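Peer 1: FYI, the numbering for the sequence shown is 47 to 90, going by the numbering used here.
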Amino acid sequence: MLARLYSVTLEGIKGIICEVEVDVSRGGFDKPLIVGLPDAAVKG
47 MLARLYSVTL EGIKGIICEV EVDVSRGGFD KPLIVGLPDA AVKG
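#1: In this structure, what does DSSP give as the bridge partners for G61?
#2: Going by DSSP, what residues sit across from V66 in a beta bridge?
#3: Using only the heavy atoms of the ligand SAM, determine whether one of them is closer than 6 Å to the beta carbon of G61.
#4: Report the rounded CA-to-CA distance for I63 versus K77, giving the unit in angstroms.
#5: I'd like the list of long-range same chain contacts for V68, defined as Cβ closer than 6 Å, with 5 residues on each side in sequence excluded.
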């Protein structure tokens with residue numbers, strides 16, 4: 047099942063609304079997995 051929510055990220059002092067999609071199906075990975083550009087930003 048796909049869940050969609052909205053969050054806010056900062057660009058300098060300006061807040062930007064962003065859309066987040068999460069797959070919440072059973073039987074997947076046992077830990078959260080962040081993919082795409084945010085993955086590199088979080089690890090950096």
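Glycine included, every Cβ here is placed at the ideal spot set by N, Cα and C. Keep in mind the model is a prediction, meaning the values are calculated, not measured.
Peer 2: Let me spell this out:
#1: L56
#2: L51
#3: In the structure on display, the ligand SAM does not appear, and there are no ligands present to speak of.
#4: 26 Å
#5: A49
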